[in-house]
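S.K.: In the numbering used here, the protein residues as written are 30 to 156. If you scroll down you'll find the structure; I have some questions about it.
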């Protein structure tokens, strides 16, 4: 199976992003919320945005994979694109001075994988 590879890699990124939030919470002594600390706020959003998009995208990829009769290299293309997109987005959102192009490219890759996976799952489900 292909999707578990990307689920595992993305899980490591998720943990890293969570650890950054914890680090800033300790540094700024903020237990709940963001304490109006810019870097903590950015770390929370990078982690939250990741948590908002990755599970649903992986679920769609898995649905596609479970419907296929054979392995498809296109799943690797989707997985790599999702991984790259999420890294670009998390990097951009985490920076004190956000490089907007990385955020845009990250979301474009993420949305592309979401749309491609959804259409592929729909196609396989209908036909």
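Ideal Cβ positions, reconstructed from N, Cα and C, are used throughout, including at glycine.
Considering only C-alpha positions, which residue in the set 49, 80, 92, 35 is nearest to residue 154?
M.R.: Among 49, 80, 92, 35, the Cα nearest to that of residue 154 is on 92.
S.K.: By Cβ distance, which residues of its chain are closer than 8 Å to residue 60, with the 5 residues on each side in sequence left out?
M.R.: The residues are 54.
S.K.: Does the distance from the CB of residue 117 to the CB of residue 90 come in under 7 Å?
M.R.: For residue 117 and residue 90, no; Cβs fall outside 7 Å.
S.K.: Is the stretch 66-76 in contact with the stretch 98-112, if contact means three or more CB pairs nearer than 8 Å?
M.R.: Too few Cβ pairs lie closer than 8 Å, so no.
S.K.: Going straight from the alpha carbon of residue 149 to that of residue 122, what length do you get?
M.R.: The straight-line gap from Cα to Cα measures roughly 30 Å.
S.K.: Suppose you measure from the CA of residue 44 to the CA of residue 50; what does that come to, to the nearest Å?
M.R.: When rounded, the distance between both Cα atoms is 10 Å.
S.K.: Residue 66 by DSSP, collapsed to three states: which one?
M.R.: The answer is coil: DSSP assigns residue 66 none of H, G, I, E or B.
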